[in-house]
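Residue numbers for the sequence shown follow this note's numbering, beginning at 151 and rising by one.
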Amino acid sequence: MIIIPLNLPPEAQIAWGKYTEAKTNENKVKLMENYLKLVPHHKGMGKHLAQCKTKLAKLKSDLQAEKLAAKSRITGERWMVPKEGDAQIALIGIPGCGKSALLNYICEREVTEEGEFPFTTLKPTVGAAYANGSLLQIIELPGIIEKASEGANNGPRIFAQAPYADLIVFVLDLHEKPVNQLELLIDELQKAKIKLNEGHNNFIFNRTGKGGHIIVGAEKYFESGLSGVKSVLHHIN
Numbered sequence: 151m152i153i154i155p156l157n158l159p160p161e162a163q164i165a166w167g168k169y170t171e172a173k174t175n176e177n178k179v180k181l182m183e184n185y186l187k188l189v190p191h192h193k194g195m196g197k198h199l200a201q202c203k204t205k206l207a208k209l210k211s212d213l214q215a216e217k218l219a220a221k222s223r224i225t226g227e228r229w230m231v232p233k234e235g236d237a238q239i240a241l242i243g244i245p246g247c248g249k250s251a252l253l254n255y256i257c258e259r260e261v262t263e264e265g266e267f268p269f270t271t272l273k274p275t276v277g278a279a280y281a282n283g284s285l286l287q288i289i290e291l292p293g294i295i296e297k298a299s300e301g302a303n304n305g306p307r308i309f310a311q312a313p314y315a316d317l318i319v320f321v322l323d324l325h326e327k328p329v330n331q332l333e334l335l336i337d338e339l340q341k342a343k344i345k346l347n348e349g350h351n352n353f354i355f356n357r358t359g360k361g362g363h364i365i366v367g368a369e370k371y372f373e374s375g376l377s378g379v380k381s382v383l384h385h386i387n
């Protein structure tokens with residue numbers, strides 16, 4: 151909480167009033183920057199200025215996270231989420247395990263609606279958050295069910311996105327046999343030829359200019375090598 155000094159100049163008081171009425175982070179950043187220009191910079195204002203600068207830094211980080219999430223938002227029939235920020239994190243779990251609640255908690259805002267029933271998330275939902283100065287892109291993937299690797303519940307599309315992530319996080323509902331959930335997730339990922347805990351070996355798509363691709367590093371990324379990459383390409387809209 152920012153404590154407001156009683157001896158602020160009139161123009162600074164007006165500027166603070168406008169800041170408190172702002173609704174968006176973009177406006178709050180602009181108005182806070184303007185307010186700081188009007189506050190006297192002397193020893194008596196030291197604590198107040200420090201609080202305001204800390205708040206401004208938080209507003210800027212939140213604004214950047216919002217812009218990243220908006221840029222990555224899935225629209226239409228598109229599923230694949232290009233990597234933005236410093237790292238991409240994928241939240242994976244069975245339907246109704248709490249992925250949406252976790253995404254909202256991490257991002258400190260309502261990125262997605264938390265449904266009362268399973269299968270609320272039908273497409274990847276993208277949020278963003280800061281951690282230790284790094285901007286993280288967080289993707290909630292639709293729920294994984296048995297035989298997802300064979301095509302159930304858009305499984306191939308989910309597994310086409312998963313290898314892009316720098317980190318895959320398993321989200322478990324501790325009230326519903328969590329060990330069984332974990333075994334299901336690991337089993338389906340393995341059946342989809344996605345390796346876990348073996349490092350992040352990037353592969354690169356280089357367009358040839360005539361609709362083709364040169365693919366580098368596929369044999370390190372998928373157990374099935376080029377056929378695994380072809381499977382990914384097949385599910386990219």
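Glycine included, every Cβ here is placed at the ideal spot set by N, Cα and C.
The continuous beta strand (DSSP E) containing Glu290 extends over residues 284-290.
DSSP places Tyr280 in no alpha helix (DSSP H) but in the uninterrupted beta strand (DSSP E) bounded by 275-281.
Under a 10 Å Cβ-count criterion, Lys187 is classified as exposed, with fewer than 16 other Cβ atoms of the shown protein chains found around its own Cβ. Of the residues assessed, Gly196 falls on the exposed side of the cut-off, its CB having fewer than 16 other CB atoms within 10 angstroms. Counting C-beta pairs with one atom in each stretch, the segment 315-335 and the segment 235-248 have three or more that are closer than 8 Å, which means they touch.
Taking the Cα positions, Tyr280 is about 6 Å away from Leu286. Between Thr204 and Ser211, the alpha-carbon positions lie close to 11 Å from each other. Per the DSSP secondary-structure output, Val321 pairs with nothing in a beta bridge. In the three-state scheme derived from DSSP, where H, G and I count as helix and E and B as strand, Leu213 is classed as helix. In this structure, Ala207 lies away from Leu181, with their beta-carbon atoms at least 8 Å apart.
Judged by DSSP secondary structure, Ala240 falls within the beta strand (DSSP E) whose first and last residues are 237-242. For Asn330, the uninterrupted alpha helix (DSSP H) segment begins and ends at 328-341.
Here Pro274 is not near Gln331, since their CB atoms are 8 Å or more apart.
Excluding sequence positions up to five before and after Asp323, its CB lies within less than 8 Å of the CB of Gly243, Ile244, Gly246, Cys247, Gly248, Gln331, all in the same chain and listed in chain order.
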